[in-house]
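The structure under discussion appears below in the form of structure tokens.
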Amino acid sequence: MPLNLSIKTMHGVGDKRQAILGKMGIYTIGDLLYHAPFKYQQLSDARKISECKHGDEVVVHAEVSSKPLLRRMRKGFSIVTFNIFDGNTTGKCVYFNQPYMAKNIYKGSNYIFIGKIDAKQGVIQMQNPTLIKSTDELPPVLCTYKLVKGIGQVAFKNLIKKILAQELGAIEEVFPDTFRKRHNLPEINFTFEHLHFPDSIMNANLAKYRLAFEEMLMFMIALENKKKESISDKAHHYEIDKNLIATFCTSLDFDLTNSQNKVIKEIIDDMQSPAIMSRLLQGDVGSGKTIPASIAMLIAASNKKQSAMMAPTDILASQHFDTISKLLVPFDVEVALLKSMMPLKEKNEVLKDIQSGKIDIIIGTHALIQKSVEYYNLGLVITDEQHRFGVAQRAKISAKGLNPDTLVMSATPVPRTLALILYGDLSISIIDEMPPGRIPVKTRLIKQEKRKDMYKYIKEHLDEGNRAYIVCPLIDESEKLDVRSTYKLYDELSSGIFKDSTIEVLHGQQKNEEKQEIMDKFRSGDIQCVISTTVIEVGLDVPEATFMVVENAERFGLAQLHQLRGRVGRGNTESWCFLVSSSEGQNAQERLSIMTNTNDGFIIAEEDLKLRGPGQFIGTQQSGMMDPRVLSLMGDVKLLSRVKDAIDDLTLDMYKDEKESIKKIALMRYNQKLKNIILN
Ligand code: ADP
Ligand code: MG
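Read in order, the letters of the sequence shown are residues 7 to 686 in my numbering.
Structure representation (structure tokens):
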């Protein structure tokens, strides 16, 4: 297949150009063809200069009506200016830092100018417009590519032209005709032709749609395949003792929520089935994920299988150990805690008992995956706060058992569509209901003029023993941005309204001991208010903290604001979240008002996905491994559901052969990448 050939095989691509293209992820001829323009402009839609408005992207046919003037500024900056005239009106063109323009453009010649209008100064002005000589043969649609330094639009287009001249008509179509028609997908040769040399914007968009569709479909098929691979028979079966579970549930001093019951049933079904469980349990902080996890471990223990539960921090592991040991007291189950920092003698004892099978449930940190830990018969692996673990760590603990069931828990709501992609081989359970009796955090948007009143209100409550977090986007002041910083706000508050309160700055660049000390003092009440960056997003659990103020709230993602808000409302006092924003923008206000309308993390996550794309939901561990092209499609819920229909179609008998070849291509493109993102 010529599309798989290295671009090096092309005329005009030497080492240097190969390196430049490599920076864009272009290695093969196929990669080059799949590099779609990011912008299309219809050249036939020309405007008169008099019709141009500020901010418009326009095409203007005009004559250069004054001699280009070059001015050189300090530090190598330069500006070229000249007038243009379209027969009625005079406008102006400006080129920044392109001094050669002064030599290449002559008064009296005619051009097509394509670019953005700046009409602020009263004159219609175009800045750095693209130029096409009027005598050149005009394409109906102008394509612009995202490129890197070292290769220009024309050179890039010429490479594509060369390939298409050779290959067009011969590129293999993977989709059957009837399938394409049914799903409105243009043929592949048509697609590449109109992706790069469209005769209309409509066809360009059609081409783009086909490629997006293809990409998503291939990805999903590879994912499906991976899922099937991972469902093999497990080496162990669990008998479910209904009485035991009922006894456990009645031993609790509260009733389970409907959501918890539903999730418990899903887990039981998984454990009963001969397939290995791979389940993701999502639920906001405090929604009660520990109970279903405990039941799963109880089932394993009653079937004489060991369970391991891994938490990201010592504090969390100890907390789980306390809770779970207590919950399981009435049952004949051995629970142990394993941490890295433990007296050696004690640790060796635990290790020995794990190996002999005396211990049923092991709770710990990364210590659980160290070489020295040998399990007797590990049948169930649970990871809490899964997003804080790397993929490799999760895989390591699973490898300790013989195909153990896995349950991963996460408190970061991820929209369903996205979860499907990120955790494609996991079944998903969701607890979307809080235990009754919680006092929901009240959220308010605060305009600048109310800021003083807000701080006054908080001050009164600090005096009564409450505590407050204040989050700023920046640590230090920035010249460029009109944004609050921790230190500046500290100066403002500590010398002003909070001068009788104890307040401290907390941020990620401080030493660990320093951070720990501040947090400890905040917990004990020696500090009443911390002014912080988003470092407090995770970990802190202080029931007396009842105020969360976010300055410049418009600068944060909704999912992030939701996490921040989750830091308060943990005690039995009414809590407040104040989102301070001076941003007048309609969008910013609308976005923030979502926060005041709901406390449901999933709704917020969906909205955030729509508004800001998928980037922020993906941990740094995973984002680098995810294909950016696939990722950019994830926000497109409609496309996703169409692709799912199409995949169902492919199971039809008539597409049997094609399905196989599509699958082959899908695996070729994505198998390696999936290895990296899929858990366990
Ligand atoms: P998370 O989902 O954050 O791990 P936990 O399992 O730690 O939540 O539960 C948070 C708190 O809520 C615990 O104190 C737990 O005992 C309590 N809890 C759990 N389920 C219920 C319920 N159905 N009704 C009342 N309280 C509950
Ligand atoms: Mg928890």
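By construction, the Cβ of each residue, glycine as well, lies at the ideal position given by its N, Cα and C atoms.
These numbers come from a predicted model, not from an experiment.
When the distance is taken between beta carbons, is residue j closer than 9 Å to residue i?
i, j, result
"residue 491", "residue 501", "no"
"residue 505", "residue 512", "no"
"residue 54", "residue 95", "yes"
"residue 269", "residue 524", "no"
"residue 320", "residue 279", "no"
"residue 415", "residue 494", "no"
"residue 316", "residue 223", "no"
"residue 447", "residue 581", "yes"
"residue 572", "residue 359", "no"
"residue 419", "residue 565", "yes"
"residue 367", "residue 425", "no"
"residue 645", "residue 213", "no"
"residue 618", "residue 551", "no"
Looking at C-alpha atoms only, which residue of the options is the closest neighbour of residue i?
i, options, result
"residue 56", "130, 602, 32", "130"
"residue 257", "481, 289, 297, 228", "297"
"residue 281", "422, 341, 433", "433"
"residue 599", "232, 529, 342, 453", "453"
"residue 666", "51, 479, 111, 228", "228"
"residue 588", "575, 557, 68, 608", "557"
"residue 339", "347, 346, 330, 60", "330"
"residue 341", "534, 309, 86, 304", "304"
"residue 230", "379, 371, 656", "656"
"residue 144", "161, 120, 390", "120"
"residue 82", "90, 104, 93", "104"
"residue 604", "568, 25, 357, 325", "568"
"residue 327", "357, 352, 670, 370", "370"
"residue 284", "410, 136, 193, 126", "410"
"residue 189", "676, 153, 664, 653", "653"
Excluding the five sequence neighbours on either side, which residues of its own chain have a C-beta within less than 6 Å of the C-beta of residue i, listed in chain order?
i, result
"residue 333", "300"
"residue 421", "611, 612, 615"
"residue 211", "none"
"residue 584", "450, 452, 460, 555"
"residue 406", "381, 384"
"residue 99", "88, 90, 132"
"residue 156", "26"
"residue 388", "299, 315, 413"
"residue 77", "85"
Just verifying my parser: in three-state terms, what is the DSSP assignment at residue i?
i, result
"residue 618", "helix"
"residue 159", "helix"
"residue 457", "helix"
"residue 568", "helix"
"residue 329", "helix"
"residue 478", "coil"
"residue 505", "coil"
"residue 116", "strand"
"residue 173", "helix"
"residue 583", "strand"
"residue 560", "helix"
"residue 91", "strand"
"residue 496", "helix"
"residue 520", "helix"
"residue 553", "strand"
"residue 655", "helix"
"residue 305", "helix"
"residue 365", "coil"
"residue 16", "coil"
"residue 36", "helix"
"residue 484", "coil"
For residue i, I'd like the list of residues in its chain whose CB is within less than 7 Å of its CB, leaving aside the five on either flank, ordered along the chain.
i, result
"residue 602", "449, 450, 451"
"residue 111", "70, 74, 88"
"residue 251", "301"
"residue 2", "The shown model of the chain, from 7 to 686, leaves out residue 2, and the question about it has no answer."
"residue 311", "242, 383, 385, 386"
"residue 674", "none"
Leaving aside the five residues before and after residue i along the sequence, list all residues of the same chain whose C-beta is less than 8 Å from its C-beta, in chain order.
i, result
"residue 43", "149, 150, 151, 201, 202, 210"
"residue 650", "226"
"residue 538", "475, 476, 477, 478, 492, 511, 512, 513"
"residue 38", "13, 27, 32, 165, 166, 169"
"residue 445", "575, 578, 579, 580, 581"
Please report whether the beta-carbon of residue i lies at a distance below 9 Å from any beta-carbon of chain B.
i, result
"residue 421", "Considering every chain present, this structure includes no chain B. It has just one protein chain."
Could you tell me whether any non-hydrogen atom of the ligand SAH is closer than 8 Å to the CB of residue i?
i, result
"residue 328", "Absence of the ligand SAH from the depicted structure is noted, with the ligand ADP and the ligand MG being the only ligands included."
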